[in-house]
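Notes follow the structure.
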Amino acid sequence: MIKHGWGYDTWLADFETEEERRAERGDPEWKRAAALPPELVRSLQRFQVGEDGDGSALIGKADRAGDPVYARAVRLFVAEEQNHARMLALLLEAGGAGTLAGHWSDTVFVRLRRLLGLRVELLVLMVAEVVALRYYRAVRDGAADPLASEVARLILADEERHVPFHCLRLRLREALAPLPAPARRAAVAAWRAMLAAAAAVVAVDHAPALRTLGVGRRTFVADTVRASAPMAAAIAASGPPDPAGPVRAPRGRLRAPAGRSGRTLAARTRRGRGV
9 MIKHGWGYDT WLADFETEEE RRAERGDPEW KRAAALPPEL VRSLQRFQVG EDGDGSALIG
69 KADRAGDPVY ARAVRLFVAE EQNHARMLAL LLEAGGAGTL AGHWSDTVFV RLRRLLGLRV
129 ELLVLMVAEV VALRYYRAVR DGAADPLASE VARLILADEE RHVPFHCLRL RLREALAPLP
189 APARRAAVAA WRAMLAAAAA VVAVDHAPAL RTLGVGRRTF VADTVRASAP MAAAIAASGP
249 PDPAGPVRAP RGRLRAPAGR SGRTLAARTR RGRGV
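Printed below as a string of structure tokens:
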């Protein structure tokens, strides 16, 4: 974890830079045949459903938030999620498999996210994003097929940027600051309980694939919950958000937005219809 001081104009520049980097890098070699075990195929199919979507609900709420820079950044975030779905579909095709029309877990997440406003949607989305971090790390490190490992690595690099981007918008410390400490702790505990429950569902639903990747169900859940600790600590703190507080910043080269100095911060941290 590192410190942050990034505004939405800087995040927008980061998303734009990543868009250019993807175009320059190009796609993996899809012509390579992928040797995917059946249990991993079923697992990837479910995550592909979660990554697919037009993001219209999130984009609409971002537009209504009244910040055009943030709204533009959200559109680029959605585009990255759609690119994940595209790459997973091509990976499955390389492995001789197709995609699913839908999955119950995706339906539950979508309906839950759309219940209320932007913050509720982002809170539920953050659950999916944190779970996805652990899942794609498992595929990257545990898949025997090089193409599957490469696709997971590319997706994971994006997901590691998405979590702090959403953290910046949530600003939950500011929202919870008027509450007494016990109430703040209860709110944070509820969010972490939702995360733990989601991780447990994924661990059970994807158990055969996780076993193939060398990750046990308990380990998956424990690692996912542990990764949320810095976020939970920031949410639980009283007072307005500390601009020097812990959050992972954009990585790599970054164009400085007009009128700003392009400070470069070191980075390191360790989904579901993600958009």
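The sequence shown begins at 9 in the numbering used here and counts up by one.
Glycine included, C-beta positions come from ideal geometry on N, C-alpha and C.
Keep in mind that this is a model prediction, so the values were computed, not measured.
{"query": "With a 10 Å radius around its C-beta and 16 neighbouring C-beta atoms as the bar for buried, classify PRO188 as buried or exposed.", "result": "exposed"}
{"query": "Does the distance from the C-beta atom of ALA160 to that of ARG148 stay below 8 angstroms?", "result": "yes"}
{"query": "If you reduce the DSSP assignment to three classes, tell me which class TRP19 lands in.", "result": "helix"}
{"query": "ASP153 by DSSP, collapsed to three states: which one?", "result": "coil"}
{"query": "Quick one: measure Cβ to Cβ for ALA43 and ASP153, integer angstroms, because I've assumed they're closer than 8 angstroms.", "result": "5 angstroms"}
{"query": "Which residue comes first and which comes last in the alpha helix (DSSP H) that contains GLU37?", "result": "Unbroken run through GLU37: none, as it is neither H nor E."}
{"query": "Given that a residue counts as buried once 16 or more other Cβ atoms are within 10 Å of its Cβ, and exposed if not, what is ASP22?", "result": "buried"}
{"query": "Quick one, are the C-beta atoms of HIS174 and GLU137 less than 8 angstroms apart?", "result": "yes"}
{"query": "At what residues does the alpha helix (DSSP H) containing ALA201 begin and finish?", "result": "189–213"}
{"query": "Have a look at PRO76 and MET95 and give me their C-alpha separation to the nearest angstrom.", "result": "29 angstroms"}
{"query": "Would you check if there are 3 or more beta carbon pairs closer than 8 angstroms linking the segment 208–220 to the segment 43–53?", "result": "yes"}
{"query": "What would DSSP say about SER64, mapped onto helix, strand or coil?", "result": "helix"}
{"query": "Going by the CB atoms, is the gap between ALA102 and ALA41 shorter than 8 angstroms?", "result": "yes"}
{"query": "Would a check of beta-carbon distances place LEU162 closer than 8 angstroms to chain C?", "result": "The structure shown has no chain C; it contains just one protein chain."}
{"query": "Give the range of the alpha helix (DSSP H) segment to which THR232 is assigned.", "result": "225–235"}
{"query": "Count the other CB atoms, across all protein chains shown, that sit within 10 Å of the CB of TYR16; report buried if there are 16 or more and exposed otherwise.", "result": "buried"}
{"query": "THR25 by DSSP, collapsed to three states: which one?", "result": "helix"}
{"query": "Which value, in whole angstroms, describes the spacing of the CA atoms of ALA87 and ALA191?", "result": "37 angstroms"}
{"query": "Along the alpha helix (DSSP H) that carries ALA345, what are the first and last residues, could you check?", "result": "With the chain represented from 9 up to 283, any question about residue 345 goes unanswered, as that position is not in the structure."}
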